[in-house]
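In our numbering, the protein residues as written are 471 to 541.
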C-alpha cells in the first residue's frame, strides 16, 4: 500500500492496495472500494469516485525526470 492521499475537503485518507482497491479511512472508520468508487466492504459506504480513480490510477513520470539508459 502506498502512503495514500488526503481528500482536500473532508481530510479522509485514500490509499491504494496492492490489488488496486481503495482503502478509505476517516475518523477511525474505514471502507474498501473499487477504483470507480463502488463500495466493497466496511463501515464507510460512500467515497468520492473521482478521487478513488485518481488515487488508483497509474502514476505518470514528469517529462525530463524519466530514467535514461546509457549505452
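Ideal Cβ positions, reconstructed from N, Cα and C, are used throughout, including at glycine.
Residue range of the unbroken alpha helix (DSSP H) whose run includes residue i
i	result
residue 523	519–526
Spatial distance of residue i from residue j (CA atoms)
i	j	result
residue 493	residue 504	9 Å
residue 479	residue 489	26 Å
Limits of the unbroken beta strand (DSSP E) element including residue i
i	result
residue 570	Nothing about residue 570 can be reported from this structure: the residues present for the chain run from 471 to 541 only.
residue 512	509–512
residue 493	492–496
residue 503	499–503
Residue j beta carbon less than 8 Å from that of residue i
i	j	result
residue 483	residue 499	no
residue 491	residue 475	no
Residue i: CB within 7 Å of a non-hydrogen atom of the ligand GDP
i	result
residue 516	Ligands are entirely absent from the displayed structure, and the ligand GDP is therefore not among its contents.
Same chain, Cβ closer than 6 Å to residue i, neighbours up to 5 away in sequence not counted
i	result
residue 527	none
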